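Reading through the structure tokens given below for one structure.
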Amino acid sequence: EKEEEKKDEL
Amino acid sequence: VLLLKIHATKNCSGVSLKTQELYAIVFVTRYLDLLFSFISLYNTIMKLIFIGSSACIIWYIRFHRVVSQTYDREQDTFRVIFLILPCLLLGIFINHEFTITEILWTFSIYLEAVAILPQLVLLQRTKNVDTLTGNYVFLLGGYRALYLLNWIYRFLTEPGYRQWIVWISGTIQTAIYCDFFYYYFQSWRRNEKLSLPS
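What follows is the structure, given as structure tokens:
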């Protein structure tokens, strides 16, 4: 399972 | 804070150019996604502010006629290659996806964790740390420390939210500030100028 990262942090 | 201080006082003594350049590398490699993804107006503006303000600070220290004279060139000698190279290797080997942008993004996460080190070493070498410079380091560390709370909150409220690389790096980054925080609060409590023991 691929770890989905939301790159919404600075 | 740092840009205002340098602009207003025309003085950058105690400020590490090395740390500022590391931050510029961090911001540019991380915010490449400005070109191909949009998250929010706030997110975009903050990214531009981070890149712009660090570029401005670097310009002041390197090229401003008056400010560049006050740079502690002989004290700011941290060998940044010893930070950049390991972070690059770490980024190449420990990442989520073997693509250029993902490796650079991961590299920026690792590099940010240690980017403050040249500044902390310079502060230690500076006898009387300028109040504004001390406040800048405190705010920078505090900003990252608040992320820890944010991550805990998001973990508890957002199903599936987890990001181990960011969490571990961010925790190390905050830990690096612990010693500084201790002396910062002590000097504040005693109403004395900040100075770090050598």
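Which chain is which? The protein sequence lines are S and Y, in order. This note's numbering puts the first residue of the first sequence at 2, with every later residue one more than the last. This note's numbering puts the first residue of the second sequence at 199, with every later residue one more than the last. Using N, Cα and C, we set each Cβ at its ideal position, and we do this for glycine too. What you are looking at is a predicted structure, and each value in this text was computed from that prediction instead of being measured.
Query	Result
Please list the residues of the segment 285–301 of chain Y that have a C-beta atom closer than 8 angstroms to any C-beta atom in chain S, keeping them in chain order.	His294
With distances taken between CB atoms, is the gap from Y:Ile249 to Y:Gln218 smaller than 8 angstroms?	no
Taking Cβ-Cβ distances below 9 angstroms as the criterion, which residues of the segment 230–262 of chain Y are in contact with chain S?	Asp231, Ser235, Ile237, Ser238, Asn241, Met244, Lys245, Phe248
Could you tell me whether the segment 266–275 of chain Y touches the segment 311–328 of chain Y, using the rule of 3 or more Cβ pairs below 8 angstroms?	yes
Here's a check: name, in chain order, each residue in its chain whose Cβ is nearer than 7 angstroms to the Cβ of S:Glu4, leaving out the five neighbours to either side.	Because S:Glu4 carries a pLDDT of 49, less than 50, the predicted location of this residue cannot be relied on, and the following value inherits that uncertainty. Counting only Cβ-Cβ distances below 7 angstroms, and skipping sequence neighbours, we find nothing.
Would you please state the rounded distance, in angstroms, between the beta carbons of Y:Leu220 and Y:Tyr334? I believe it to be under 8 angstroms.	Not really, about 15 angstroms apart at Cβ, beyond 8 angstroms.
Check this for me: beta carbons of Y:Gly212 and Y:Thr329, under 8 angstroms apart or not?	no
In whole angstroms, what separates the C-alpha of Y:Ile279 from that of Y:Val312?	12 angstroms
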